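So the sequence lines, in the order shown, correspond to chains Y and D.
Our numbering puts the first residue of the first sequence at 605, with every later residue one more than the last.
Our numbering puts the first residue of the second sequence at 11, with every later residue one more than the last.
Note that the Cβ used here is the ideal one computed from N, Cα and C, for glycine as well.
None of these values were measured; they are calculated from a predicted model.
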Amino acid sequence: MPTITVKKRDLDRLFGIETNVDDLAVYLGLVKGEIKGYDPGQDDLKIELNDSNRPDLWSPEGIARQIKARLTGAPTEYPFFNKKAKSKVSINVSAGMKDIRPYIGGFIVRGVSLDDEMLTQLIQVQERLSSIFGRKRQVVSIGIYNLEKIVFPLHYKDAMPDEVRFVPLGFEEEMDLNEILSRHPKGIEYGGILRGHERYPVFVDNEGKVLSFPPIINSREIGEVRVGTSELFVEATGTDIRMILLTLNILAANLDDRGAAIEPVQVKYSFDTTAGRSLSIPYDLSKGMEVRLEDFEKVFGDSLDMMEIVRALTAYGYTVSARGKRMKVAVPPYRDDIMHTVDLVEDYAISRGYSTFRPLMPSTFSVGSLSEIESFSDRLRGYMVGFGFQEVITNILSSGDEQLRKMEIADGRLIEIENAMSLSYSVVRNSIIPSLLKVESSSSGAFYPHMVFELGEVGILDEKEMMGSRTENRLTAVTAHPQANFSGIHSYLDLLFYYTGRDYQLRPAAHPSFMEGRVGQVIVDGVEIGIIGEIHPQVLENWQINMPCSLFEISVEGLLWGLASPPPPAKPDGALRLSSASKPSPSTLV
Amino acid sequence: MTDTKKLLEGMHPFEIKVLQAFINNRKLSEDRIGEMTGLMESQVSMAIGWLQAKGIIELVEEEVAEMAALTEIGIRYADEKLPEIRILDWAKNEPGLTIGKLKEMHLLEPEELSSAIGALRGSGVIKIGQGGIIEIAQNDPIKFLMIQEFIKELDGNRRDKREYPIPKDKIKNEAIRLIYLEEYTANKRGGGEKPFKIIEKRRRIYAISGGKEDLLKDVEGLVAAEEVSQLTPLMLKDGSWRGKRFRRYNISLRPPRLSIGRKHPYREFLDQVKSRLVAMGFVEMRGPLVESEFWNMDALYMPQFHPAREIHDVYFVKKPGYSKEIDEPYLSQVAMTHNDGWKTGSRGWGYKFDKERARRLILRSQGTAVSARTLAGKPGIPGRYFSIARCFRYDQVDATHAPDFYQVEGIVLGEEINFRMLLGLLELFAVKMAGARDVRFLPAYFPFTEPSVELHVKHPGLGWMELGGAGLFRPEVTMPLGIRVPVIAWGLGLDRMAMIALGIEDIRDLFSTDLDMIRTKRVRI
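Here you go:
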């Protein structure tokens, strides 16, 4: 979620009082904000905003508005949301836009004198809203223009790419829409949004002058706003009408906070929208909610005072009227994140302060326990430690190079990551053997003998499984020293089976990672649950290990439940066990 | 027993050997003692240390000797060979080889290449023909072979852990000792990359302390082997221990290191967490490493267009890309909740839920996925559950981001659950997990809880820190999964506490493959 940089004095100007940074840190709790740094020299305050559903807070105006409401006990009123306001000018939307980028809205701003700081913040909030909230302009993009150069009414219409030519921002020459997409940096960055359309959106004034090519770029002549510009036209286009209206409401409120006068603009569609064919913008989206006192009381497990709730909600920006045990709550027009009563309940709690609630302990009794597989795993870890092995915990992500090439395995199948960030972490390990050889490879300086084990998770591809793979616990142990050999490691495996009360056999096997004639499958009830042997010198060489290594790897599920028997019934207390984890198939075990 | 006898009886065989070396010599250097006694350098210096402590011998002179040793480059040349020799080998194998070609091949650093060519030309081993062709003028580059031989000797000593730097005046090869060593020695001001360096070593000369000369008479007849150091079963069986002299030990020495069995220090920490949670009545739950987007995100009411669901945040599985059909009625109920809120009292996200996308497979990115599965698995009510789940995020791996990491998460569900109990539970975590009594509750945002809280605690050692996040699951999460009671969801950020407990600063070290580090880490829990 966004981290924004604002001037502290700009925030103070918006509050109307001077604050200190410590007080601010406390106030920022009201907006789920956190100070990430303050540079007194530059007066730069870095604030992280955690609520991804509150784009209205991603600007100094929004932060100040929320905190100011709490300080004054009442929300700021914005006259332009009054539905009776008459708009004198309009935007016409062509029928062809319905299937390209259907929605647009805008408003006029007068009497603002843009200084440096205001212009910076305006551009930054425009950028944040269109990139984060507007999903990289896909859903919402914003244009800001110099009002003086525009002749109303405006036309938002579809055009053939070679039909329209204008000079885009940042260039000196006229281009048609295709040229902009192929040559202009913004065209290259955002052109994908229009891919597949034969006709593109253009936004022109009544004299045919191009304002912009949404959502790509503004015209250089009309769409360049400088310090000192006092009259603006603000517009948003996109694919979600609610999000466009909200975006414009936020921008209108922000500019009003800066002392500007907002004038509405009428948008006339040639097709039906969920908000009708003709609407005046800024447009108040909120319907108002009916909530009951008990909705609040239930969440806090306490009886609450109705008037106190009304006060707290009002101080958080809501307009509330109470009747009996019910309230009618109007959500401020610059917010559209109230989906459920619980959202109001949280705002009440934030406004009142979390510290004002007395914590309670849950009083019902419950019996804790580990999962069967985890407590068995702990038992095995205990034995291994007793046998003299050092436990390691290594990463589950690995590479094909480590899992296969270095192991001399030609035809292994791994769970691969499609969008891996680096090759070193591009697959899920399907065995812990490479992890332990990696430990050996990086530990030749640690004094010998090395007796090392890991009991941890691996992922095995298995098309019979719901997820196309299963997660399994493996116990893998290695001995590395000049005399490390099969019989040495076999003694430990044998002890492990003895103490866990299981029978097993070893069946000679062939495995490319091990020395021929010194490797065996570990068989329980006729099914393979693991492998034991001396690592092949070629594999040791691949890992640059200069010490003989013998090891075993067994499936913990296989040892616990036996792979041949059906998985045990689920525990009655409802604790989940991975039903899938109990049945590794022999072919993919190692 | 005379004092002298007692003194000798308590001596280590090394000490006796060293004393015997002094019988016909008034003064001896450490080197010389080594040669005479056949003891290793470290053994000699140990024995000298003990004898000095007892006032039997003393340091009488100290002189500085220059010794030849290998630089990093020299150690490398022991394996790779000198650039001069390599160039000759290449030129022999490939007649017509030019300097330009060598440069392009990047087999040598540019400075290495030019200085080696210069040296070869200077000693007349090669000539440079037209177009930079390397012509071999002299097939027996004896100088370079001698240097290589000396590198090998030093490197051999180094690897065998024998006395490794060789005193300059003891270098057998005269040409090396007198000429080449200097030419191939890195000068102290750091000029040039050379294989040898000269280190200065003090050579100490010892003599028997005044008044202790008499000891030598008694030492003369003593044979070190006569002393018994270990009592054996045989001695006990045949009684021969009677009348044997057992050497006295210096019990202030450090004991030898052991290779032992031990849990991983991070495991010790996690076990503690696990047992505390079980003691608080939590039941462990488990889930798979490969998850569908459904359980990882959809079921947690994160809209499918949520920014944290993109390829820059989550790892997607290549093949198979999709899970099998997701269990009903959960899939439809979650889909309807996203669309328009279904029966949850919510207005929903207002978009068309994509059921295909829900089956997309990813690596579990948050432990809350395990909680979602538990909710759909008809959990016991009231109930408390936890998991310690390995999670994966698309992050650049660095000191604060491990490629995979543990999340400790859980849920508490029951008819009586409310926001104040959530605060109570967090207070309990603060005491049990961090030993902290001072807590702060701050508003927080998680897509799946409302109200949401961040828990900050005043840790006795660390000061104020964030310990975890929690909240009441939104009805949009619980109802589609068939849960009708309030549910607390909590997560603890224990990485930082684990790192403090283990005394490490880089999160990657929690999953280190360095055995020495793992063996020596202590845990302060």
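Against chain Y, does Ser302(D) count as a neighbour if the rule is that its beta carbon must be under 8 Å from one of theirs? Position 292 of the second sequence holds residue 302(D). Output row for Ser302(D): interface = yes.
Which bits of chain Y does Ala382(D) rub up against, with CB to CB less than 7 Å? As a first step, residue 382(D) is located in the second sequence; it is residue number 372 there, counting from the start. By Cβ distance, chain Y contributes nothing, its closest Cβ being about 11 Å from Ala382(D), past 7 Å.
Give the range of the beta strand (DSSP E) segment to which Ala1050(Y) is assigned. Stepping through the first sequence from its first residue, residue 1050(Y) is reached at position 446. Unbroken run through Ala1050(Y): none, as it is neither H nor E.
Nearest to Leu815(Y) by alpha carbon, out of Phe837(Y), Val989(Y), Gly796(Y), Tyr794(Y)? Position 211 of the first sequence holds residue 815(Y). Here the closest residue by C-alpha is Phe837(Y).
So Leu781(Y) and Phe817(Y) are in contact, right, with Cβ under 8 Å, and what is the actual spacing, rounded? As a working note, residue 781(Y) is residue 177 in the first sequence. As a working note, residue 817(Y) is residue 213 in the first sequence. Correct: roughly 6 Å between the Cβ atoms.
Same chain, Cβ closer than 6 Å to Tyr1103(Y), five either side skipped, listed in chain order: Translated into positions along the first sequence, residue 1103(Y) becomes position 499. Taken in chain order, the residues that qualify are Tyr987.
Beta bridge counterpart(s) of Gln1109(Y) as assigned by DSSP: Indexing the first sequence from 1 puts residue 1109(Y) at position 505. In DSSP, Gln1109(Y) forms a bridge with Ile1127(Y).
Using a Cβ-Cβ cut-off of 8 Å, state whether Leu964(Y) counts as contacting chain A. Among the protein chains in the structure shown, which are Y and D, there is no chain A.
Would you mind reading off the limits of the beta strand (DSSP E) that contains Ala865(Y)? Locating residue 865(Y) in the first sequence gives position 261, counting from the first residue. Ala865(Y) -> beta strand (DSSP E) spans 865-873.
How far does the alpha helix (DSSP H) with His466(D) in it extend, from its first residue to its last? On the second sequence, residue 466(D) is found 456 positions in, with the first residue counted as 1. It is not in any alpha helix (DSSP H) - His466(D) instead sits in the beta strand (DSSP E) that spans 459-469.
Could you tell me which chain Y residues have their CB closer than 8 Å to the CB of Met290(D), listed as they occur along the chain? Sequence index remark: in the second sequence, residue 290(D) carries index 280 (1-based). Per Cβ cutoff of 8 Å: Gly972.
Just to confirm my understanding: we take Lys612(Y), look at its own chain, exclude 5 residues before and 5 after, and list those with CB closer than 6 Å. What are they? Walking along the first sequence from the start, residue 612(Y) turns up at place 8. If we look at Lys612(Y) and ignore the five residues flanking it on each side, its Cβ neighbours are Asp647, Leu649.
Helix, strand or coil for Ser745(Y)? Go by DSSP, reduced to three states. For the purposes of this step, residue 745(Y) is taken as the residue at position 141 of the first sequence. The answer is strand: DSSP assigns Ser745(Y) an E or B state.
Between the CA atoms of Ser884(Y) and Leu855(Y) - distance to the nearest angstrom: One-based indexing of the first sequence puts residue 855(Y) at position 251. One-based indexing of the first sequence puts residue 884(Y) at position 280. Cα to Cα, Leu855(Y) sits roughly 15 Å from Ser884(Y).
Which class does Asn657(Y) belong to by DSSP, given the choice of helix, strand or coil? Position 53 of the first sequence holds residue 657(Y). Reduced to three states, the DSSP call for Asn657(Y) is coil.
Thinking Arg1106(Y) and Leu1059(Y) are a contact (beta carbons under 8 Å), I'd like their distance in whole angstroms, please. Numbered from 1 along the first sequence, position 502 holds the residue referred to as residue 1106(Y). Numbered from 1 along the first sequence, position 455 holds the residue referred to as residue 1059(Y). About 16 Å separates the beta carbon of Arg1106(Y) from that of Leu1059(Y), a gap too long to meet the 8 Å contact definition.
Start-end ranges of the beta strand (DSSP E) lying completely within the region 667-714 of chain Y, minimum 3 residues: Restricted to the region 667-714 of chain Y, the beta strand (DSSP E) segments that are unbroken, complete and at least 3 residues in length are 693-697, 707-714, listed in chain order.
Contact defined as beta carbons within less than 8 Å: I believe Val467(D) pairs with Val449(D). What is the distance between those atoms, to the nearest angstrom? In the second sequence, counting from the first residue as 1, residue 467(D) sits at position 457. In the second sequence, counting from the first residue as 1, residue 449(D) sits at position 439. That pair is a contact at about 5 Å.
Can a CB atom of chain Y be found closer than 8 Å to the CB of Phe458(D)? Here the question's residue 458(D) lines up with position 448 in the second sequence. Cβ-Cβ to chain Y under 8 Å: no for Phe458(D).
Answer with buried or exposed for Lys636(Y), where buried requires no fewer than 16 other C-beta atoms within 10 angstroms of its C-beta. Sequence index remark: in the first sequence, residue 636(Y) carries index 32 (1-based). Under this definition Lys636(Y) is a buried residue.
Output, in chain order, the set of chain Y residues within a Cβ distance shorter than 7 Å of His274(D). Position 264 of the second sequence, counted from the start, is the residue given in the question as residue 274(D). Taking a Cβ-Cβ threshold of 7 Å, the residues of chain Y close to His274(D) are Glu995, Val996, Ile997, in chain order.
Kindly list, in the order they appear in chain D, the residues whose Cβ is closer than 8 Å to that of Ala629(Y). Taking the first sequence and counting its residues from 1, one reaches residue 629(Y) at position 25. Simply none; closest approach about 10 Å.
Buried versus exposed call for Gly134(D) [16 or more other C-beta atoms within 10 Å across all chains shown]: For this step, residue 134(D) is matched to residue 124 along the second sequence. Exposed is the call here.
Leu618(Y) to Gly291(D) span [Cα, whole Å]: Position 14 of the first sequence, counted from the first residue, corresponds to residue 618(Y). Position 281 of the second sequence, counted from the first residue, corresponds to residue 291(D). Cα to Cα, Leu618(Y) sits roughly 50 Å from Gly291(D).
Do you know how far the Cα of Ser1046(Y) is from the Cα of Val1126(Y)? To locate residue 1126(Y), count along the first sequence from 1; it is residue 522. To locate residue 1046(Y), count along the first sequence from 1; it is residue 442. Cα to Cα, the separation comes out at about 28 Å.
For His1085(Y), which residues does DSSP report across the bridge? Taking the first residue of the first sequence as position 1, residue 1085(Y) is located at position 481. DSSP, once it has assigned bridges, lists no residue as partnering His1085(Y).
Alpha carbon to alpha carbon, what distance is there between Pro205(D) and Pro177(D)? On the second sequence, residue 177(D) is found 167 positions in, with the first residue counted as 1. On the second sequence, residue 205(D) is found 195 positions in, with the first residue counted as 1. Between Pro177(D) and Pro205(D), the C-alpha separation is close to 16 Å.
Using only alpha-carbon positions, find the residue among Trp474(D), Lys153(D), Pro453(D) that is nearest to Leu482(D). Here the question's residue 482(D) lines up with position 472 in the second sequence. Of Trp474(D), Lys153(D), Pro453(D), the residue nearest in Cα terms is Pro453(D).
DSSP state of Ala454(D), grouped into three classes? In the second sequence, the residue the question calls residue 454(D) occupies position 444. Reduced to three states, the DSSP call for Ala454(D) is coil.
Per the contact definition of three or more C-beta pairs closer than 8 Å, is the region 924-943 of chain Y in contact with the region 697-706 of chain Y? No, the region 697-706 of chain Y is not in contact with the region 924-943 of chain Y.
Drop a sphere of 10 angstroms on the beta-carbon of Glu898(Y), count the other beta-carbons inside from all chains shown, and report buried for 16 or more, exposed for fewer. Position 294 of the first sequence, counted from the first residue, corresponds to residue 898(Y). Residue environment analysis places Glu898(Y) among the exposed positions, since fewer than 16 neighbouring C-beta atoms fall within 10 angstroms of its C-beta.
To the nearest angstrom, report how far apart Gln1109(Y) and Gly44(D) are at their CA atoms. As a working note, residue 1109(Y) is residue 505 in the first sequence. As a working note, residue 44(D) is residue 34 in the second sequence. Their Cα atoms are separated by approximately 56 Å.
Distance between beta carbons of Leu849(Y) and Tyr804(Y), contact taken as under 8 Å: Reading the first sequence from its first residue, position 200 is the one you call residue 804(Y). Reading the first sequence from its first residue, position 245 is the one you call residue 849(Y). That pair is no contact at about 23 Å.
At a CB distance below 8 Å, what residues from the region 1136-1161 of chain Y approach chain D? Give them in sequence order. none
By how many angstroms is the C-alpha of Glu122(D) removed from the C-alpha of Lys182(D)? Mapped onto the second sequence, residue 182(D) falls at position 172. Mapped onto the second sequence, residue 122(D) falls at position 112. Computed Cα separation, rounded: 28 Å.
With a cut-off of 8 Å, do at least 3 Cβ pairs link the region 1139-1157 of chain Y to the region 1110-1121 of chain Y? yes
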